[in-house]
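Undergrad: Once you've had a glance at the structure underneath, I'll fire off some questions.
Protein chains: 2
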Amino acid sequence: MTLTMELGARSYDIILQRGALSEAGRLLELNRKCLIVTGALVPPQYAARVARQCARPVVVTVPSGEGSKSFPVYEMLCRRMLEENFHRTDCVVAVGGGVVGDLAGFAAASFMRGIDFYNIPTTVLSQVDSSIGGKVAINLDHVKNIVGAFWQPKRVLIDPDTLRTLPPRQVSNGLAEAIKMACTSDAELFAFLEENPLPPHMERIIEGSLRIKKRIVEQDETERGPRRLLNFGHTIGHGIESTGALLHGECVALGMLPMCAPDVRARLLPVLEKAGLPTTAEWDRAAVWQAIRHDKKFAGDAVDIVVVDVVGQGEVRRVTTEALKARFDAAYREA
Amino acid sequence: MTLTMELGARSYDIILQRGALSEAGRLLELNRKCLIVTGALVPPQYAARVARQCARPVVVTVPSGEGSKSFPVYEMLCRRMLEENFHRTDCVVAVGGGVVGDLAGFAAASFMRGIDFYNIPTTVLSQVDSSIGGKVAINLDHVKNIVGAFWQPKRVLIDPDTLRTLPPRQVSNGLAEAIKMACTSDAELFAFLEENPLPPHMERIIEGSLRIKKRIVEQDETERGPRRLLNFGHTIGHGIESTGALLHGECVALGMLPMCAPDVRARLLPVLEKAGLPTTAEWDRAAVWQAIRHDKKFAGDAVDIVVVDVVGQGEVRRVTTEALKARFDAAYREA
């Protein structure tokens, strides 16, 4: 299945297809120098398979985890391209999860002021969400995604076969973002998630998520308006994430709960549980609240949050710090 | 005088006006946090004057010279904005020459995936050329501008009064880029440069250069086509520059000579001399040629160079390495 992200001159195809990895050479323009960036926890055969289909591959494996979204690793990728005499007409290919895609994408966005970028996501999280839409970035001093660009890929290749090697916790981690999108933007997909077992329907879930994200990004490429819906669960989620014990999707799961009307929350809880996601956690509540307060999205005493009063109809709402605190306290007292 | 760079949603005004620096608060939107980046050799009163007109200024002075267009200085600027809790709605203001503009512009292009950027160039070189057009970058391992972005400023403020404090060699340095643009693109401006003393006509020269550059950038924002005309003199110029003894404009002056037809060269030589620019130099010819060969613009055995056979009608031409070498040898044997 092919979806086209319609962004004028920056339009591109998203190809969702079992076995696509083995067809990269046909589906992408790899007859040039290709910097293939992959992660230490990504099965090495994936990058190797892509490399075999490139004319002149250069494979770089970065350590797994957010720590690689750093200035030193970013600089290393740029230097590697410089050493290999990469030209404006060469390209970068990400083979891995969200960290690899964000990092490699920013290197592609800025090397020689921007070269072609292909994304081949191999985790649920990156397949349903982070590999499309063009947000690329690195972190600085523990603040996530603070330096980066909007740089759309030339093409995205999604091969669900790569999910077979993914640990179950990582599958759950990615499902959180799919549930997030259904909850804010697609009541039908949300009902599907409620009514069906999830693992056998992974392709349907990926496709549904991609369709939602495509629609939102097309409306708002640089996140000035409706794209902020995709931040549902992330205001409190990032605060929880900063305490370090949970994965991104797990934190988003927890972060969604305080933002829902009671009957939405009642529907969301069993879906999260079915997906293997946490719905309550034992963290230092004061520390999490401090981290939320330091979030970059606060403007004075107000913050824009995404709330869902009706499934499929999320909205951005500006609330006071106090109102957010009340939601935060109430959600976990109940849980 | 105000020129508008017409680039659709990225259009902006270029204001050329004596005393503009003192009106920055009226001409720019400074009622927010402003990271003001300036250079150690820029008279500090310029940044201070701008800072007084900002609601919440943060002034950072970077060392002078290309060395500041580096990953560590770029990271430092991003960290400074992070520490000062800069938001997407805040801005960066460059007050200085090309190094300051390129560096500060890249920080603006990438901090939070892009925030507003104002450029207030204070040298001839940046006023006639580098401050407009949106090319921002840093260097890596002595390769110039290898990592960067196309990020258009929100407005450019050009105050010719700042040139009074500029050493004469820096005035000549900037005039080289004005001569370059006249030679490739504006026979009338070139004739003006031939027929008049230059220092009393600096505003006319700046305005003429801006009009040429505006036209070229509007045709080709991301340098895929006609914008490459602006590289006239830069292929050999960058090679000479890498030997380290001369300023950028001086190298461009020397780099233009081999690219001209004999009668164009005969007209160019006296203009360069009048501007105080070198027309011959004592460098290690083999070393310069090696540096030229390593230039990033070479594709195999061919390179695109800009040649001027008729004043005002520069063109991009693909030549072999041998043909370039012949031009290189011939020009300086004669000189």
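Chains as they are written, first to last, in the working numbering: chain L, 23 to 357; chain C, 23 to 357.
Backbone N, C-alpha and C define an ideal beta-carbon position, used for all residues, glycine too.
These numbers were taken from a predicted model, which means no experiment stands behind them.
#1: Does the Cβ of Gln149 (chain L) have 16 or more other Cβ atoms within 10 Å, making it buried, or fewer, making it exposed?
#2: Flag Ala297 (chain C) as yes when its Cβ comes closer than 7 Å to any non-hydrogen atom of the ligand NAD, and as no otherwise.
#3: So, is Ser194 (chain C) buried or exposed, given that buried needs 16 or more other C-beta atoms within 10 angstroms?
#4: So the beta strand (DSSP E) Met27 (chain C) belongs to, where does it begin and stop?
#5: Does any residue of chain L have a CB that is nearer than 8 Å to the CB of Arg101 (chain C)?
#6: Give a yes or no on whether the C-beta atoms belonging to Ile234 (chain C) and Ser207 (chain C) are separated by under 8 Å.
#7: DSSP three-state call for Val274 (chain L): helix, strand or coil?
#8: With a Cβ-Cβ cutoff of 8 Å, do Asp306 (chain C) and Thr265 (chain C) count as a contact?
#9: For Asp138 (chain C), write down the residues that DSSP places opposite it in a beta bridge.
#10: Starting from the beta carbon of Lys157 (chain L), find every residue of chain C whose beta carbon is closer than 9 Å, and list them in chain order.
#11: Taking 8 Å as the threshold (beta carbon to beta carbon), is Asp163 (chain L) in contact with chain C?
#12: Is it true that the CB of Val59 (chain C) sits closer than 8 Å to the CB of Leu29 (chain C)?
#13: According to DSSP, is Lys91 (chain C) helix, strand or coil?
#14: Alpha carbons only, please: which of L:Arg135, L:Asn141 and L:Met134 is nearest the one belonging to Ala126 (chain L)?
#15: Based on the DSSP secondary-structure assignment, which residues constitute the bridge partners of Thr60 (chain C)?
#16: Among L:Glu240, L:Gly170 and L:Gln39, whose alpha-carbon lies nearest the alpha-carbon of Asp124 (chain L)?
#17: With three or more C-beta pairs closer than 8 Å as the rule, is the stretch 133-140 of chain C touching the stretch 173-190 of chain C?
#18: Who are the Cβ neighbours of Arg340 (chain L) in its own chain at under 6 Å, not counting the five residues just before and after it?
#19: Are the CB atoms of Ala297 (chain C) and Leu220 (chain C) within a distance shorter than 8 Å?
#20: Leaving out five residues before and five after Lys236 (chain L) in sequence, what residues of the same chain have Cβ atoms less than 6 Å from its Cβ?
#21: Counting only beta-carbon atoms, is Arg339 (chain C) nearer than 8 Å to chain L?
#22: Just checking my contact of Ala275 (chain C) with Ala198 (chain C) at CB under 8 Å: how many whole Å lie between their CB atoms?
#23: Kindly list, in the order they appear in chain L, the residues whose Cβ is closer than 8 Å to that of Val84 (chain C).
#24: Give the C-beta separation of Pro182 (chain L) and Glu225 (chain L) to the nearest angstrom, bearing in mind that I take them to be a contact with Cβ-Cβ under 8 Å.
#25: Apart from the five residues on each side of it in sequence, which residues of its chain come closer than 7 Å, Cβ to Cβ, to Gly77 (chain C)?
#26: Apart from the five residues just before and just after Glu356 (chain C), which ones in its own chain have a Cβ nearer than 8 Å to its Cβ?
#27: Excluding the 5 residues flanking Glu295 (chain C) on each side, which residues of the same chain have their C-beta closer than 7 Å to its C-beta?
#28: Between Leu268 (chain L) and Ile262 (chain L), which are expected to be in contact by the criterion C-beta below 8 Å, what is the C-beta distance as a whole number of angstroms?
#29: In three-state DSSP terms, what is Thr342 (chain C)?
#30: Anything in chain L within Cβ reach of Ala200 (chain C), meaning under 8 Å, just list it in chain order.
#31: If you measure beta-carbon to beta-carbon, which residues of the stretch 85-99 of chain L are closer than 9 Å to chain C?
#32: Just to check my reading of the structure: Leu19 (chain C) and Phe93 (chain C) have Cβ atoms closer than 8 Å, yes? What is that Cβ distance to the nearest angstrom?
#33: Is there a C-beta anywhere in chain L that falls below 8 Å from the one on Ala171 (chain C)?
#34: Please go through the stretch 186-225 of chain L and give each complete beta strand (DSSP E) segment of 3 or more residues, from N-terminal end onward.
#35: Verify whether the separation of the beta carbon atoms of Arg5 (chain L) and Met134 (chain L) is less than 8 Å.
TA: Result, derived from the coordinates:
#1: Here residue 149 (chain L) corresponds to residue number 127 of the first sequence, with the count starting at 1. Buried is the label assigned to Gln149 (chain L), since at least 16 other Cβ atoms lie within 10 Å of its Cβ.
#2: Here there are no bound small molecules, and the ligand NAD is not part of this structure.
#3: Residue numbering aside, residue 194 (chain C) sits at position 172 when the second sequence is read from its first letter. Answer is buried; the Cβ neighbour count reaches 16.
#4: Within the second sequence, residue 27 (chain C) is the residue found at index 5, counting from 1. Note, Met27 (chain C): beta strand (DSSP E), Thr24 to Met27.
#5: Residue numbering aside, residue 101 (chain C) sits at position 79 when the second sequence is read from its first letter. It does: the Cβ of Arg101 (chain C) has a partner Cβ on chain L nearer than 8 Å.
#6: Indexing the second sequence from 1 puts residue 234 (chain C) at position 212. Indexing the second sequence from 1 puts residue 207 (chain C) at position 185. Closer than 8 Å, so yes.
#7: For the purposes of this step, residue 274 (chain L) is identified with residue 252 of the first sequence, where counting begins at 1. In the three-state reduction of the DSSP assignment, Val274 (chain L) falls in the helix class.
#8: Position 284 of the second sequence, counted from the first residue, corresponds to residue 306 (chain C). Position 243 of the second sequence, counted from the first residue, corresponds to residue 265 (chain C). In this structure, Thr265 (chain C) lies closer than 8 Å to Asp306 (chain C) by Cβ.
#9: For the purposes of this step, residue 138 (chain C) is taken as the residue at position 116 of the second sequence. According to DSSP, which records beta bridges pairwise, Asp138 (chain C) is partnered with C:Cys113.
#10: Counted from its first residue, the first sequence places residue 157 (chain L) at position 135. Here the neighbours are Arg135.
#11: One-based indexing of the first sequence puts residue 163 (chain L) at position 141. Output row for Asp163 (chain L): interface = yes.
#12: In the second sequence, residue 29 (chain C) corresponds to position 7, counting from 1. In the second sequence, residue 59 (chain C) corresponds to position 37, counting from 1. No. Outside cutoff.
#13: As a first step, residue 91 (chain C) must be located in the second sequence, where it is residue number 69. Reduced to three states, the DSSP call for Lys91 (chain C) is coil.
#14: Locating residue 126 (chain L) in the first sequence gives position 104, counting from the first residue. For Ala126 (chain L), the nearest C-alpha among the options comes from L:Asn141.
#15: The sequence position of residue 60 (chain C) within the second sequence is 38, counting from 1. Thr60 (chain C) pairs with C:Thr83 and C:Val117.
#16: The sequence position of residue 124 (chain L) within the first sequence is 102, counting from 1. If we check each option's Cα against that of Asp124 (chain L), L:Gly170 comes out closest.
#17: yes
#18: The sequence position of residue 340 (chain L) within the first sequence is 318, counting from 1. Excluding sequence neighbours, Arg340 (chain L) sits near Ala324 and Asp326.
#19: Locating residue 220 (chain C) in the second sequence gives position 198, where the first residue counts as 1. Locating residue 297 (chain C) in the second sequence gives position 275, where the first residue counts as 1. The beta carbons of Leu220 (chain C) and Ala297 (chain C) sit closer together than 8 Å.
#20: Indexing the first sequence from 1 puts residue 236 (chain L) at position 214. Closer than 6 Å at the Cβ level, and outside the excluded window around Lys236 (chain L), lie Leu25 and Met27.
#21: For this step, residue 339 (chain C) is matched to residue 317 along the second sequence. Taking Cβ atoms only, chain L never reaches closer than 8 Å to Arg339 (chain C), which makes this a no.
#22: Here residue 275 (chain C) refers to the residue found at position 253 when the second sequence is read from its first residue. Here residue 198 (chain C) refers to the residue found at position 176 when the second sequence is read from its first residue. Sure, about 5 Å apart at Cβ, within 8 Å.
#23: Against the second sequence, residue 84 (chain C) aligns to sequence position 62. What Val84 (chain C) touches in chain L: nothing, since even the nearest Cβ is about 17 Å away.
#24: As a first step, residue 182 (chain L) must be located in the first sequence, where it is residue number 160. As a first step, residue 225 (chain L) must be located in the first sequence, where it is residue number 203. Sure, about 5 Å apart at Cβ, within 8 Å.
#25: As a working note, residue 77 (chain C) is residue 55 in the second sequence. Reading the sequence as shown, one finds Ala at residue 77 (chain C) and not Gly. Only Leu52, Asn53 and Arg54 meet the Cβ criterion.
#26: Taking the first residue of the second sequence as position 1, residue 356 (chain C) is located at position 334. Because Glu356 (chain C) carries a pLDDT of 48, less than 50, the predicted location of this residue cannot be relied on, and the following value inherits that uncertainty. Around Glu356 (chain C): no qualifying Cβ.
#27: On the second sequence, position 273 is the one that residue 295 (chain C) refers to. Excluding residues within five positions, the ones whose Cβ falls inside 7 Å are Thr301.
#28: Position 246 of the first sequence, counted from the start, is the residue given in the question as residue 268 (chain L). Position 240 of the first sequence, counted from the start, is the residue given in the question as residue 262 (chain L). Going by Cβ atoms, the distance from Leu268 (chain L) to Ile262 (chain L) rounds to 6 Å, so yes, they are a contact pair.
#29: Looking up residue 342 (chain C) in the second sequence gives position 320. In the structure shown, Thr342 (chain C) sits in a strand (DSSP, three-state: E or B).
#30: By one-based count along the second sequence, residue 200 (chain C) stands at place 178. Simply none; closest approach about 24 Å.
#31: So the close ones are Phe93, Pro94, Tyr96 and Glu97.
#32: Residue numbering for chain C in the displayed model covers 23 to 357; residue 19 (chain C) lies beyond these limits and cannot be assessed.
#33: The residue you call residue 171 (chain C) lines up with position 149 of the second sequence. So yes, Ala171 (chain C) belongs to the interface.
#34: none
#35: The shown model of chain L, from 23 to 357, leaves out residue 5 (chain L), and the question about it has no answer.
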